[in-house]
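Visitor: Chains as they are written, first to last, in our numbering: chain D, 1 to 167; chain F, 168 to 946.
1. With a CB to CB cut of under 7 Å and the five nearest residues on each side skipped, what residues in its chain are close to residue 530 of chain F?
2. Ignoring anything shorter than 4 residues or poking outside the region 524-576 of chain F, list the alpha helix (DSSP H) runs there in chain order.
3. Comparing C-alpha positions only, which one of D:137, D:155, D:142 sits nearest to residue 424 of chain F?
4. Between residue 818 of chain F and chain D, is there a C-beta pair that is closer than 7 Å?
5. Relative to chain D, which residues along the region 427-455 of chain F have a C-beta separation below 7 Å, given in chain order?
6. Could you check whether the region 536-548 of chain F touches the region 598-616 of chain F, counting it as contact only if at least three pairs of C-beta atoms, one from each stretch, sit closer than 8 Å?
7. Quick check on residue 591 of chain F: does DSSP put it in helix, strand or coil?
8. Comparing the C-beta of residue 203 of chain F with each C-beta of chain D, is any distance below 7 Å?
9. Listing by chain order, which chain F residues have their CB less than 8 Å from the CB of residue 48 of chain D?
10. Under a three-way DSSP split, which group does residue 772 of chain F fall into?
11. Please report the distance separating the alpha-carbon of residue 777 of chain F from that of residue 434 of chain F.
12. Taking C-beta to C-beta, are residue 344 of chain F and residue 788 of chain F nearer than 7 Å?
13. Is residue 498 of chain F helix, strand or coil when you go by DSSP?
14. Measure how close the beta-carbons of residue 374 of chain F and residue 103 of chain D come, nearest whole angstrom, since I'm counting them as under 8 Å.
15. What three-state label does DSSP hand residue 31 of chain D in the structure shown?
16. Mind checking who residue 793 of chain F pairs with in its DSSP beta bridge?
17. For residue 375 of chain F, which three-state DSSP category applies?
18. Which same chain residues end up closer than 7 Å to residue 271 of chain F when comparing Cβ atoms and leaving out the 5 residues on each side of it in sequence?
19. Under three-state DSSP, which class holds residue 282 of chain F?
20. By DSSP's criteria, residue 616 of chain F is part of a beta bridge. Which residues make up the other side?
21. Residue range of the alpha helix (DSSP H) that residue 46 of chain D falls in?
22. Please list, in chain order, the chain B residues whose beta carbon lies closer than 7 Å to that of residue 35 of chain D.
23. Which of the three DSSP states is assigned to residue 735 of chain F in this structure?
24. Give the residues of chain F in contact with residue 77 of chain D, contact being defined as C-beta atoms less than 8 Å apart.
25. Name the DSSP beta bridge partners of residue 475 of chain F, please?
26. Determine the chain F residues that contact residue 93 of chain D at a beta-carbon separation under 8 Å, and present them in chain order.
27. In chain D, which residues lie with their C-beta within 7 Å of the C-beta of residue 869 of chain F?
28. Any beta carbon from chain F within less than 7 Å of residue 109 of chain D's own beta carbon?
29. Got a sec: which bits of the region 856-888 of chain F sit with their beta carbon under 8 Å from any beta carbon on chain D, in order along the chain?
30. Do residue 802 of chain F and residue 616 of chain F have their C-beta atoms closer together than 7 Å?
31. According to DSSP, is residue 400 of chain F part of a helix, a strand, or is it coil?
32. For the alpha helix (DSSP H) that contains residue 256 of chain F, what are its first and last residues?
33. According to the neighbour-count rule (16 or more other Cβ atoms, all chains shown, within 10 Å of its Cβ), is residue 386 of chain F buried or exposed?
34. Measuring only between beta-carbons, confirm whether residue 266 of chain F sits less than 7 Å from chain D.
35. Would you check if the distance between the CB atom of residue 775 of chain F and the CB atom of residue 576 of chain F is smaller than 7 Å?
36. Specify the secondary structure class of residue 458 of chain F as computed by DSSP and reduced to three states.
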């Protein structure tokens, strides 16, 4: 099959890109400059490349860019910035959940989808939700704590429109 | 059995303002929002993409290598083989440090010359306009092998008729320790306990595969931006590429995990060669599979302990033999073996000791540094042996250890006097106490407890004459700049340096900017290995910051007309201690100093103790700056029907000397524990006839968030270390006791020991079967 124009709505910015059928969403996003989407295994084992595809967390290495045509994609960088971080990002930074940081963007995406559907998760639910995301540095304990802290902070702040939700 | 924490001796640690606080690490938020740029994230104008053609055979002669079709593919710009690289050698056992001594005969060819010795050995390099073209070019490379017999186990490799990996024989390194009178010690024993333990290859599996970019700049300098633990490999790169040292610049990035696996050169030489040959920027990023196949593993060891003990558990003599598999090239094997040899008897006083160790070449993945550097392997053996001794004598495992623990002032295996605190019982008793009540057995599920005490060096071998440099300066607005060549692996290396500087110069952490890991632009600080950066570079920044502080205070003394002892700096101000209202912002003070030509910066140089090596006949002499001590206790449940091992509780207690950032220390300990439990229970990088059976993270399983409960972390601070503020090192020690503790817990649960790691269900069931057969045979 020949390349075709694919429309990708990435972090609220629309891109029209010509892509061959075998290009993965991971490759396409990185080509678009989304270096926060990390490549760790390219076969869905590690979760470092997780993004929100129409609000659902996916490993972008397992999705072809053509399959994402017309979809809305939010990456970790689309959730917040250094000046205006998402509560999850802030909590990860505060609680030692970030060591080498390579798993962090995917980890935060996994946590985000959990909190979207379950704002008050138990420790077990958090562990389950991030079980597809490998971290080799932390042993996961401080990551779980960070998600708990973010959930508490978000609950205390009341219902807010979080950057990156909807769109 | 209930355990009670041994009371700590009184320690008077000075109260500090910044050090000792769990501050948000300087690198954390940028990483959390995905703004940190890693080695694989860089693109350059006109950039080429590189791939490496690798051996598919573990042992073969290259009969024919033809790259002409690959070269002819439109879009392929450069193909290099050994023929293009006269004398391109990689000195494989030199960690790249300033002033390093060199061992002869251990070079690896950068690209295979005539012979391949392991699956994955690099043979050719390709650079093309696109990654796709580079991959297609690999498929066009024609190669014919003449297979030769390989050797795949270290014991076999030592047989006289074994195929030889490197002439003259397969022995890569040997060490020995001779201390006291072994025969007399054994004769004095009431019991001799003899056991052999085996450990597998283990993969680092950092999340970030090796990657980098290189380009030649306007001065003809080859710049390499890469994730590495050692920017000082620039010298080895220069030698391999054939340019002067000052024509290679390594710019380290934030590393996405190292654990020793990025201690050796990875993509640097390939990138430098291709940039040099094409004069274009080049990118090379390994896939996960290539990362597995191309880089080092943890050394498999076979360790035999023969220990003489009195009835009360006191060790009278120990004879220890170690065999390590070095794989196809030596890399750091001689040093890893040395560490294991020195740690072999554990943190115990053994006056009559023989250790004989050997590292052996095989046609398998090469082995090199991995967090702990032989220390965990030694611990897996000595701590299981200690439990076997306790069991044979029917005494409590802690008691068997307590009677033998090293004390401050005692000598270790090489006769080095331990000068710092040795809080072995303090840490072990706390870890056990924190396990609480033992969980009850439930049907076929048996619960067991395991303890492991350990000691592990921090700082490099003292005959390597280790140094580190750091530059600290204050700007005219009162902010601070630090320059230090230390690479940050994610363990918080640069944050610790910043936090130390804030303590001395009295500025908030946000006011410090650090430049790190650049072999040309930051003062060389040595390797981020050997748990040395806090000790070495921490002392270097401390020294530099103190020098700047002194200049500031001397000037402030004139301003306030107060003695220096009466002044202090905090919150960006110099103030009079008895009246803090009397204060001057650092920006004003810095401006005064600048106007008078006073230096507002300093380059600190810290030197570790220098020694000249150990006695080769006895292995006696000082080898390390100091040691960290600690313990881990683990509770497991073993399903005796399925063989499955579940960790129920885990507590790690370490004396870190002084925690510069307790949150970061906790992260090191919890993460090290997770890696160690994975090592014990699930991880094995299996090969068959030199071929990797677990080529990706689908087959090679590392712990996920649901595999183990969090390890409870207990941090003790003796203040007795040789690092800044009395700190010891914790990066590697964090892992060391975990696997042994898990192995002891499983043995306690099922009443029989599985002597080979990992403790897979198959091995657990086999051990139970053997025990049952033995019991039936006795009836």
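By construction, the Cβ of each residue, glycine as well, lies at the ideal position given by its N, Cα and C atoms.
Guide: By the coordinates alone:
1. 225, 226, 284, 285, 317, 318, 319, 332, 495, 857
2. 542-560, 564-569
3. D:137
4. no
5. 454, 455
6. no
7. helix
8. yes
9. 374
10. strand
11. 32 Å
12. no
13. coil
14. 5 Å
15. helix
16. F:625
17. coil
18. Unreliable positioning characterises residue 271 of chain F in this predicted model, as indicated by a pLDDT of 46, which lies under 50. The coordinate reading is nonetheless provided below. No residues qualify anywhere along the chain.
19. strand
20. F:802
21. Where residue 46 of chain D is concerned, there is no enclosing alpha helix (DSSP H), given that its DSSP letter is neither H nor E.
22. Of the protein chains in this structure, namely D and F, none is chain B.
23. strand
24. 200, 201, 202
25. F:359, F:484
26. 191, 192, 195, 196, 198, 199
27. 134, 136
28. no
29. 863, 864, 865, 869, 870, 871, 872, 873, 875, 877, 878
30. yes
31. helix
32. Segment 256-258 is the beta strand (DSSP E) holding residue 256 of chain F; no alpha helix (DSSP H) there.
33. exposed
34. Bear in mind that a pLDDT of 41 at residue 266 of chain F, under 50, signals an unreliable position, so the model cannot answer this.
35. no
36. helix
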